[in-house]
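Notes for the one structure printed next.
Spelled out as C-alpha cells, the structure:
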C-alpha cells in the first residue's frame, strides 16, 4: 500500500443541477463559490437530452474555462461539476473530475468528494477480475462496482455499489434520465439540496453556492441517504440503515465558507462562538486581538467581542498572491514570505497581542507569524487557536495522513509554545468546540467527527488500519 | 482636448532602489506590495553598471514576470519599477512604465505616479518644436523637457523640467550614476524613503513595500522636494519653495494599504478613527455592523467599537474573482454579480444592518449591495460611508474626471438614499475626516486635498479649467 | 453502430526504443520525423527501471513538448511514442496515445497505428463482462483482452489477445522488462526494426526515423509477427500462420515520407516510377509539367523525365500555412484559398500544363487548382493522377469510410473531368501502380492492398460489413 | 558606432492598400505571402476615416493575430503592414512596425524595408536638437525629419526628409487622407504597385501578394520615385533625379518567392536560367542532381534540364521544423541536425551527386549537407552554387555586415572546397548571374547590385565607411 495513491484523494467540492436551460453556466457559478475547496483542477459535465459532454483541465475554474467556447459547448438542462484539491502527488488531467463513463448501452458522469478507506482492497480485487482503471483516483471504483453488479436494475446496482465502498464520500452521479446524490453512512462530508424558482433542483457541497445562483436551501442530505432527481422531482431513499452523523468538524473550523450553513448551523456564526468560547478559556492579559487573515477573522471577531479587547488589523494578507513564479534566492527568502503576509507595526508596536488562528498543523506557519509580530514590535504574542490540538490523522477526506506531520502528535502544549516562540498558547477544548458548533442532533460528539483531536474514529479503518498502528508507534518529532 | 488622453494618466505605484546586488528582485517584491495601486501593467528597469535593462508588459506583476528569465536578466545594483492602473482607454504596452530613454550620449529610466494638469499645452508646444511622443501617456513629457533644457548640467535640466510640469506627480528617475525622486509642490501623491541594513536606499509610493523587503522607513518626501541617491548616499534638494502640503485624502480613505503609514499616520488606524467618528455622526438605531469587504473592514471595526454594536461578516467576497472570462447571459446577470459578493442570510436575517462602505461614486454598487442584504433578509439597511460625498472631479491622479459620473454631484443625500434603496444614508463630515486622519501639519485642511468633496482646488487647473467649468454647468443626472 | 466512433481510429505513427540512456529524447526525434502521419496529438511514455512515465497532449509534437521539462522528466532507457491523426470527431486528450495501464501487480504502455474491424463487437462483449473504457479509441481493447486472458503467462495472454482483434494494426507495447511490437496478419500498416551503434533496438512506422537518429535498418516486421525486445536482444515469434502481405498502397502513394523505405522499396523512387508509368499511359499533348506541392513532386519528376517535358514550379505552396486563425469573410474566401497555394502566371501563362497530383478524393481541391492555373493563364490543364481512381472505403486505418465522400465512386472519369474543369483527366492504372511499386513478393497484387481502387478487400469486414453493403447501394452524388 | 544598432535594421516585407472595405484583412493576406521576408514580428495599421489603429507583436503573423479580435478591430478602408526579419540583436516589440506617430495636429503610420547608411549621423544630430527615439530601429528617423522640416506643405516635408536619408529603403506611409510609397535612388529593395477590381490600389515588396488577393500588377516603383495614392487615384512624383537602378541581386538568388516578378523578371524562371548557366559552367562528371530544399529547387530544375542529368529528391526537409524547443544534448546534437534535413540513401547511394545550393555564407551548412550525403552513400559530392562567391558585406538591407562571417572573404575556392569536404566546388560567374536574370535596363551590371560579390558599391557608405575599411584589413579566418 503506497502513500502516493492515498494522498491523491482528498478534499474537493461537488455541484449538480437538474432541470434548467443554463445548467452548465449555473454549475460554473456554483463551482466558483466552491473554489476554496480545491484549486488543482476543475470540470463540468452536462447532459443534453442523453448526450453527455464534458470539459475538464488542471487549474482554477476560471483558467479551465478561459475560452468561453468550452463552457458554451456544454449544452443541456442538467450538469454536474467538480473542483479538485491540490496535492503533492501526481498531477494529471486523468484525475480531474467529473469522470465520464461511456458504454455501448448507457453512459454516466461521476463527481466525488471524500476518501474511501477500502479503496486498495477493492481495486486489487476488481483488477484481479479484469478491471482496468484509467486514473489513480479512488473515485473511479464506484463505477466499476455499479457495472459489475448482478442486480437487475440500475438503482439496485447503485445501492449495492454504495454499500461496498467504505469511508467518507459525497457522490453526485449524472445519468441520461436522472441525477443521483449519495452520502456515506456517517455523513462525513457536507452535501445540501436546494431549489430554484423555475423548479430546478441543485445539489452542492456547500450552501454558499445556492446564494450565488439564487436557489433556496431545502435540506441537507442525510447519512446513508441516496437522493434521486429527475423530471418528476426529488425522491429520497437509502442504501443502509446503519448510520450515525459524524460530520467532519474541520468543515466548521477551516474548510467551509463563512456564509455556508451545514446541518442548520451558519459557519461564520459557529466560528464567532468558537472565538467567544476561546476567550472564556483564555487565561492571559492582553491589549489587542489580531486574527490571521482570512480564515481566522470570524474567530477573532467572537474573541474580541467576548473579551472586550479591540479587534485590530495587525496582519495584512496581500490579495495578489495566487501565482508567483519568482523563486527568491536563499538571501531573499524572508522577503518572499512577507510578500504574502505582513505585520502592521503601526498597530502592534508595544502591544500585548492575542494572535488568533483556526488551527495548527506543523507549527511552522505559526512560528513565522509570531516572529513577524515580534519584529513589528509586539511586546507579547499570545497564540489562541479556535480548535483543539490536531494530533491524529484523518482518513475520510482531509489531507492529513500521518502523525509525523502534526506538531501536537509529538509535542506537549508547552513544547509547542516554545517551538513557535509564543508567550502563551491556548487551544480550544473539544467540549468547547462541540458546544460552539451546536448541531441539533442526538448523535455522540454533537454529530461531529473529532477523531483528529482524540483518535477515536467513528468507523473501522480498513486498509489504513496498519498504517495507523505504525503511525502511533513511530511518534517521531520533526522539531529537534 | 480629448478625454481619451486624460483618462490614461491615473493612479499608479512606483518603487526604486539604489545599492543592492538584488535590486530587481527587491523591486519585484516591493511592487508586489503595491499591486493594489495598478493592475493593468507592470515593469522593472535595472541599471547594471550603466547598462539599463527593462522588462514590461500588460497584466499583473506575476503575469508580466511569469517567465523568471525576464526578471533574472535585469541584473545590476539599482532599479526602478511601476505598476499601472487599469483604465477604460487605450490599453497598450507602449504606455507601460518605466519608460526608457536612450540617446547616443546618455540614457535614463522614468516612472511616474500622478497626473499633469498642463500636459496638453506642453505636448502641443513640444510637438510644434519637432518632438515625437511614443506613448499617449503624459509621463513622457518630463523627458522631453529635460533633453531640451539649455541648462548646462543635468541637475539644472531636471529642476527646470520639474518647474514646468504642473499638477500631481511623484517621479522616480534612474540614471547611470544616480536615482532621483521628486514630488509636486503640493505633495498630492505619497512617496517615502527607506533604508536597508546593507545601506541600500529605497523609494516607494507606500511604506508597506518597506515591511516586505525588510527596509526601515527614514522619512516621506516633502512637497517640491528632489531627492538624489547615489553611491555617496542621500541628498535632499528642492526645485521650488512655493509649496504647501495637500496630500490626496483618498489615499487614506481608499487607495493605500492599511499597513502603510503616510506622513506619520497609519492608514488602518486612520480608518478606524473615521469609523469611530462616523459612529458618532450616525443617528439611527441598528443591530449589527457589516463592512463591505475588503476596503471597508477597518472603518467597520472602528464603527463597531465606538457604537458598541457587534461587527459581523454579513457580506462575503469570493477571493477567486480576479479573472473570469465567462460572460453571463442577460438572464444570468444576477448570478454573475453574486459570484463576487454574496450576503450571508444566516447573519443578517431579521437584523437592522449598518452597511459600512468607504465611499460612493456612481451609487450602482451601493444599490446592488443594499439589495443583496435585503434579499438575504435584513429588516433595515442603513448605509454609512467613511468619507464625505464625492461631488467634484480630481485632476491630480485619480480616475474621476467628470461630475456626470458622481451621484453626489447630481443628487442630494435624500435623493441618493432613495436611489440606492437604503433606509438611511450617512456620510462622514469633511471636518470629521480631517480630524480622523490627523497629520501633524499647519497646512490648511490638515494637509489634505479634499477638493473632490468641496470643489476647492489647491492649484490652478490649467488645461482642465474649461472642462471643469463646463462640468459644473451640465450637472445632468444619470439616474432618471 | 455510429460513425463517430469509427472516425476516431485512423492513420497514426508509432515509435519505440529499447536500451538507450536517451530513450525519450530519441523517441522525440523519431516521432518528429513521423509528424506527417498525425498532427492532432502526440505523446511519449518512458520506462525508468520499471517506473512508467508519460506526457501527452493535443497538438504538434513540438507544442506538446514546448516546455522541455515535460521531456526531461521522461527518464529511463526505453520508451514508446505516438503521433495521432487529426479527425473531425471528438478531440480529447483522453484519446491521445501512448495509453498507460496501471495495475496493482504490473503496468504497461501501448501505442497503436491502424483500425480494428471488430472493435464494436469486442467492446460490447467486454462491457457486458464489466469492462470500462476510458477512451473512445479502439486502441484500448487490446489491453482489456490481455488482462482478461486466462492464459497463465504474459506472452500467452498477448498472443491470445492479438488473435482476437481483426483489421489493420501495428502495436508497440512497453512493459517493465520488455518492448513488444506486433503486426496484423496482412501487414496493412508499415513497421520497421532498426539498431543503433550502442546496440539499442528501435521500432518505427517508417524508416525515415532511423535516418534521423542514426540507426541502421534491420528488417521490416512481417505480417502476423510478434517481436520481443529486451536486454537479451531481439526475438521473433508469431501469433498466427494465416498471413498474407497486403500493405496499404496509399502508404507509397501519399502517406509515407519520400525518404522512407517500405518492404525494401524507397518511396520517392516508387513515386518517380509511378510518374514515369503515368507518362506512358498519358495520351495528350502538353508543354510543361507542374506538380501539386509537396506530395506530388516525386511523381512530377518521374513524369517529366519520361515524357521529356520540362518540370516547372507553376504552383507555390506557402510554407507558413499551418495555423491561421483568421476566418475570411464570404467575400474574401478566395483570398483565403490563395494564401495556401498560388499559381505562378509567369510560368504557366499560355502553356498547356500537365498538372500532377497524387490522388483525387472529393475532387474539390483538384477543381480549385485547375481554376487557379487557368486564371494564371494556362491555355490547357491536363490532370494526371499518380494513382488509380479512389472508389471504395478503407477499414484498415485510412480516414475514408464512406463512398459518398469519393467522387470516383459516383462519377465516371469523363464526369469527373468535367466537374474539375480539366481538359483531360488520366488516372494511373492499377497494374501500372503495382508494377511501379514492385515489392519483391509472391503475394497477390504485388503484396499491396488496392481495395480502395477495386473493392476487393483482403479480409472479411466484420462490424463494417453492413455499412459497406449500404454504402454500395446508396451511391448518391454530392455534385449535382 | 556600435554593431548592435546596425544588426537590427535588415530584410523585411511591406504591404499597403488604399480604397477597400476589407483593407486590414487583405493586408493580412498580403503579409502572409510575404512572411518569408521576416518572422520576428508583424503588425498592421489601419485608417478608419482618419482614425489610425494598430496591432503588432513579436512572432509570426498568424501568432500575432491568433486572436481574431485583433484583426477585426482594424477597421477602415486603407491599411499598411510589415513583417520583420529575426536578428540576433535586441528583440523588443518597440521595434516591430508599422510605427505609429501621433501628434496634436496629425498622425501617420510608417513601414520600412531596408537599411540607412547615414542613420547614426542623423540620429546623433537629431538628438542634439532634442529628439527622443522610442526604438533602436533606424526606421523612425524619417518621421523626425518630416516633423522638423521647415517646408510649408506635407509633400514638401516628405521629399526633403527622403532626400536626407541614404542607403536602401522602401517606405510605405499611411496618412489620414493618403498613402505614400517611396524608393531609394538605386531601388535597392523591390516595391510593386497593383490594382484590385474594385479600384483599390495596393503596394507590396513582392508581387506574390497580388496573386493572393487577386490584384493585378501595374508596375514596379522606380528608383527615387514617390507614389501618392488617395481617393483620386495614383500620382507619380520623384524627390531626386540622381537615380540609377541597382536592385539587390540576392532578391533573385534567395530572398524573393519564386512566384514573384521583379522588374519584369519571374524569380523562378530567373533561377532556372541560373541553374542552366551553372550547368554550362560546371566541368565535372556526375550521375544525379540534388537541390537543397526548398530555396534551391528552381536552380536544380534548370541545372538538370540543361545537363540532362536526372533531378532527384536526395535531401528531405521536414516540414514541421519551425519551432522546436527541445535542446539536444551534446551527444544528441547530430540527431537534432537531422530532424530538419535528411539525406535519402535509397536515392544517393553509390551516385556521383551534384548538390545544388543557392549560396554559401559561412560554409557550415554546406559542410554538414555534404557530410549527410556522403554518410548516405554518395560516392562523390560536387557542390554547385547558383550565385557567385559572397565576399563583401551589404549595407543596404541584408544582414551580412562583416567580412569575417563570409568564408569566401577569407578563403580561395579550393580552400573552401576542402573545408566543406566536397569533391568539387563551382560558383556561378558574376556575368552568368547578370545574364540569367536579364532585367531590361541600360543600367550597369544589368541593373543589379552585385557589391557582395565584387566589393564595388553603387553609393558612398557614409557611417559604414570606416567599418568597411577595417573589415578589408582584418581578413581573419574563422576556419583554422
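Chains as they are written, first to last, in my numbering: chain P, 3 to 482; chain V, 3 to 482; chain S, 3 to 482; chain R, 3 to 482. Glycine is no exception: its CB is placed at the ideal position from the N, C-alpha and C atoms. Please read these numbers as outputs of a predicted model, since none were measured by experiment.
Secondary structure of residue i, DSSP reduced to three states
i              : result
residue 36(R)  : coil
residue 297(V) : coil
residue 210(R) : helix
residue 284(S) : coil
residue 91(R)  : Only weak support is given to the placement of residue 91(R): the predicted model assigns it a pLDDT of 44, under 50, and the question is left unresolved by the model.
residue 306(V) : helix
residue 156(P) : helix
residue 442(R) : coil
residue 217(R) : coil
residue 427(V) : strand
Expected contact under 8 Å - CB spacing of residue i and residue j to nearest Å
i              : j              : result
residue 135(P) : residue 104(S) : 7 Å
Residue i versus the options, residue with shortest Cα-Cα distance
i              : options                        : result
residue 73(V)  : 413(V), 55(V), 192(V)          : 55(V)
residue 182(S) : 200(S), 165(S), 160(S)         : 160(S)
residue 393(S) : 386(S), 285(S), 41(S), 365(S)  : 365(S)
residue 297(V) : 204(V), 389(V), 401(V)         : 389(V)
residue 188(P) : 250(P), 163(P), 139(P), 219(P) : 250(P)
residue 173(P) : 368(P), 357(P), 230(P)         : 230(P)
residue 122(P) : 63(P), 472(P), 463(P)          : 463(P)
residue 82(R)  : 76(R), 41(R), 18(R)            : 18(R)
residue 455(V) : 430(V), 467(V), 468(V), 96(V)  : 430(V)
residue 190(S) : 22(S), 76(S), 398(S)           : 398(S)
Beta-bridge partners of residue i, as assigned by DSSP
i              : result
residue 415(R) : Answer is none; residue 415(R) lacks a bridge partner.
residue 272(R) : Residue 272(R) is not bridged to any residue.
residue 173(P) : 114(P), 184(P)
Outcome for residue i when other beta-carbon atoms lying within 10 angstroms are tallied against a minimum of 16
i              : result
residue 275(R) : buried
residue 286(P) : exposed
residue 10(P)  : Because the pLDDT of residue 10(P) is 31, which lies under 50, any placement of that residue in the model is unreliable, and the question is left without a value.
residue 52(V)  : exposed
residue 71(V)  : exposed
residue 201(S) : exposed
residue 428(V) : buried
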